[in-house]
Amino acid sequence: MQTIRRAPVQASRIIRSTSRQQPRRYAHDSHGSHDAHSAPASESFSRGFFIAVAAIPLSIAAYKFTAGGGPDSKPYFTRLIESYNTKEEVWDRRNDLHTQAVELAGNDKALFFNGDFSRSRYVELRFPEAMNTGSPFNVPAGQGSGNIDAAIAKYEKLNYEENERKHQALRDNNIKAEKPVPTRVVESQGPR
Numbered sequence: 079m080q081t082i083r084r085a086p087v088q089a090s091r092i093i094r095s096t097s098r099q100q101p102r103r104y105a106h107d108s109h110g111s112h113d114a115h116s117a118p119a120s121e122s123f124s125r126g127f128f129i130a131v132a133a134i135p136l137s138i139a140a141y142k143f144t145a146g147g148g149p150d151s152k153p154y155f156t157r158l159i160e161s162y163n164t165k166e167e168v169w170d171r172r173n174d175l176h177t178q179a180v181e182l183a184g185n186d187k188a189l190f191f192n193g194d195f196s197r198s199r200y201v202e203l204r205f206p207e208a209m210n211t212g213s214p215f216n217v218p219a220g221q222g223s224g225n226i227d228a229a230i231a232k233y234e235k236l237n238y239e240e241n242e243r244k245h246q247a248l249r250d251n252n253i254k255a256e257k258p259v260p261t262r263v264v265e266s267q268g269p270r
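The working numbering puts the first residue of the sequence shown at 79, with every later residue one more than the last.
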């Protein structure tokens, strides 16, 4: 709240102080001395222009001079660029090693995640058709809906076991929904 109040107070101080000052007048009686003009300057090309013009033939001469004398010799800059091409083989070798390391790490990771057989290796689905949901268009040949016979057999077995458990509870008259709810007696202590 203090900062909100501070801004208008400072603005009012500035306005008050500027209103007391005499306004500046730009009108005056002396209009400068128009009688004497400076002499025209002699303009010529600067030193940078001549350096740039001289650099063109010098660079051509340096390029020809560094080429060497033989027919197979190449100019200096061409040799400099080709010196980096030899590093391409080194980079190819490094990339190959890196690719092999990544593939090995991927295989190890797959072995690590898929090697634990104590965990369940399936995902619970509400309905087996969830394996085949997706667009029927633009499906490559042989990549259509998967074979889900094993999934269907698994869920039929789970359903059969669940129904068998419910039938056994019905035969034993041990249905949880039909059991009476135990009542709790709470003693009233009265007003205090």
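Every residue, glycine too, gets a C-beta built ideally from N, C-alpha and C.
Bear in mind that the values here come from a model prediction, so they are computed numbers and not experimental data.
Note the first and the last residue of the continuous alpha helix (DSSP H) segment covering residue i.
i       : result
Tyr-233 : 227 to 249
Ile-134 : 125 to 143
To the nearest whole angstrom, what separates the beta carbons of residue i and residue j, a pair I think is in contact under 8 Å?
i       : j       : result
Tyr-233 : Pro-206 : 6 Å
Pro-153 : Thr-144 : 6 Å
Ile-226 : Asn-210 : 7 Å
Nearest by alpha-carbon distance to residue i: which of the options is it?
i       : options                      : result
Leu-203 : Glu-166, Asn-185 and Leu-236 : Leu-236
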